[in-house]
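**Student:** Counted the way the numbering used here counts, the sequence shown spans residues 12 to 328.
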Amino acid sequence: MRLLITGGAGFIGSNLARLALDHGHHVVIIDDLSTGYRHNVEGLDVDFHEASILDEHALSRAVQDVDAVTHLSALGSVPRSIADPAATHEANATGTLRVIEAVRAAGGPHLTVASSSSVYGMNPAMPKSEREWIRAMSPYAVSKIAAEQYALAAQQSFGLETLAFRFFNVYGPGQMPGHVYAAVIPIFLEHLLQKLPLPINGDGSNSRDFTFVGTVCRTLLDAAVRRVVHTEPVNLAFGTNVSLMALIDEIRRTSGENPSVIHQPPRVGDVPHSQADNATLRSLFPDVEAVPLGEGLRQTLNWFINDLPALRSTDLH
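1. Which whole runs of the alpha helix (DSSP H) in the stretch 129-189 are 4 residues long or more, in chain order?
2. When the distance is taken between beta carbons, is L83 closer than 7 angstroms to G119?
3. Please report the straight-line C-alpha distance between G54 and D214, rounded to a whole angstrom.
4. According to DSSP, is R238 part of a helix, a strand, or is it coil?
5. What number of angstroms, rounded off, separates the C-alpha of R344 from the C-alpha of G18?
6. CB A164 to CB A175, shorter than 7 angstroms?
7. Contact between the stretch 247-262 and the stretch 197-206: three or more CB pairs below 8 angstroms?
8. Between the alpha carbons of E172 and H121, how many angstroms are there, rounded?
9. Thinking just about the alpha-carbon of each residue, which of P208, S149, N252 and Q310 is nearest to the one in T226?
10. Out of curiosity, what's the CA-to-CA distance linking I273 and S218?
11. Under 8 angstroms by Cβ, that's how I've got R29 and V77 pegged, so tell me the actual separation to the nearest angstrom.
12. Classify A125 as helix, strand or coil using the three-state DSSP reduction.
13. Which residues bound the beta strand (DSSP E) around F315?
14. Evaluate E300 with the Cβ neighbour count: other Cβ atoms within 10 Å of its Cβ, from every protein chain shown; 16 or more gives buried, anything less gives exposed.
15. Quick test of your reading: V245 and L292, contact by CB under 8 angstroms. State the CB separation rounded to the nearest angstrom.
16. In terms of DSSP beta bridges, what is L209 paired with?
17. For the alpha helix (DSSP H) holding D58, just list the boundary residues, first then last.
18. Give me the residue from V253, M256, E268 and F221 with the minimum Cα distance to L247.
19. Apart from the five residues on each side of it in sequence, which residues of its chain come closer than 7 angstroms, Cβ to Cβ, to T242?
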């Protein structure tokens with residue numbers, strides 16, 4: 012299979028690229044390195060296009076002759092979207108539409124699109140089913156609603172084979188800390204290793220359904236290989252519900268350290284609680300297995316200790 016990964020130099024994209032290569036597939040990547048890192052693709056036998064998905068000509072070249080497209084390119088982060096809603100919309104909503112148009116012009120390779128659990132927003136239901144109502148709390152969530160719905164509408168309007176996954180707090184090796192929009196687990200592990208208090212936004216009762224990147228990538232690759240199609244969004248998570256304070260307890264057990272914590276004001280636009288109903292995922296991917304949080308944290312912490320220092324000694328971009 013010839014697989015195009017948009018955003019392939021990012022955290023999830025580069026993990027997917029390595030997995031696909033390990034399984035003998037040919038990988039094409041398009042990434043403008045605005046949030047991805049060059050070191051993530053160095054040494055990989057991929058066709059790399061350094062360009063934005065908003066560049067129609069570059070996107071058209073990248074999508075030629077591929078069998079499947081996994082669309083991961085996006086501007087992540089709720090706070091970033093609040094600071095610059097237009098940029099988030101352009102990258103996530105308009106960008107997805109550009110990808111769909113390129114897929115149509117290329118003859119219809121299979122298309123997987125990454126959405127987000129943030130779309131549930133103000134809906135308090137636990138766990139959250141794909142058929143629950145959604146109510147965005149941030150421009151980022153709105154942009155992801157647009158992305159997934161464009162992908163699903165493309166089935167009905169154009170006959171494309173598409174699948175829209177809602178990701179839930181993906182973490183694991185390769186997820187960079189040290190920037191203002193870093194995710195919570197990299198922030199916690201960086202502070203742990205620097206002997207600093209772990210910063211918590213709010214009282215620590217906010218909860219998430221943390222999903223290990225290896226599991227996500229195996230599911231993404233399987234979707235592309237089997238050309239899985241579904242007419243509704245699919246939660247890609249396993250129904251766990253871990254508060255930030257419980258996450259810190261797990262980090263303490265995994266690391267053998269006992270870091271202190273510091274509480275900060277809650278962030279605007281953050282969903283209070285998140286937990287997936289994964290019945291649809293299980294029906295479409297019956298062989299998928301979740302990695303327990305403790306094991307995922309162990310692998311991630313090992314990456315922080317053994318691999319991250321060497322990356323930081325080089326030019327990350």
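All C-beta atoms, glycine included, are put in the ideal place defined by N, C-alpha and C. This structure is a prediction, so every number in the text was calculated from the model and none was measured.
**Tutor:** Taking the coordinates as given:
1. 150-169
2. no
3. 43 angstroms
4. coil
5. In the structure displayed, the chain extends from 12 to 328; residue 344 sits before or after that span and is not available.
6. no
7. yes
8. 5 angstroms
9. Q310
10. 17 angstroms
11. Their Cβ separation, rounded to whole angstroms, is 18 angstroms, which puts R29 and V77 out of contact at 8 angstroms.
12. strand
13. From DSSP, F315 is part of no beta strand (DSSP E) but of the alpha helix (DSSP H) over L304 to N317.
14. exposed
15. 6 angstroms
16. V272
17. It is not in any alpha helix (DSSP H) - D58 instead sits in the beta strand (DSSP E) that spans V57 to H60.
18. F221
19. L163 and Q166
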